[in-house]
Amino acid sequence: LVGGFSNAKYLQERIKYQFGDRIQIVIPQLPQLCVVDGAARYGLRPNFMKVRRLAKSYGIQTNKSLSSLKNYLHLFPIAYIEENTYYDKELKQDYVKQCFCVFGIKNKAIGIDDKPIRKAVYKMT
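Heads up, the numbering used here is the position in the sequence shown plus 910, with the first residue counted as 1.
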């Protein structure tokens, strides 16, 4: 976590409560300065960083419509889709619970102008 709010114990505890041992929270010694440092470097030299590689995969847990997962069904464990599908009456379609929606993949090179990846690829553990 970076930025001034990452120092807030409430935020840290809420993240730990929500995700438990499934994630590791890393907070630099001066998290508020990370944002300022990056902004200053970018302001002085907008091309100071062209590409970066992610140390971890990043994403969120979400429920996804079954229709949006049609190309990814093979990535789920056997019977997971069947056991975790529900019908949303308001939206009038089937959804699968607890999918991991990927924003960035570990070790993949990401250019500064690249758009984020947004794909649900497998179940959360």
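Cβ coordinates follow ideal geometry from the N, Cα and C atoms, glycine included.
Below 8 Å, too few C-beta pairs join the segment 989-1001 and the segment 945-956 to call them touching: fewer than three.
The continuous beta strand (DSSP E) containing D998 extends over residues 995-998. If one requires a minimum length of 4 residues, the alpha helix (DSSP H) runs lying completely within the segment 952-997 are 990-993, in chain order. L954 counts as exposed, since fewer than 16 other beta carbons sit within 10 angstroms of its beta carbon. The continuous beta strand (DSSP E) containing F1010 extends over residues 1003-1014. Judged by their CB atoms, I925 and L964 are not nearer to each other than the 8 Å cut-off.
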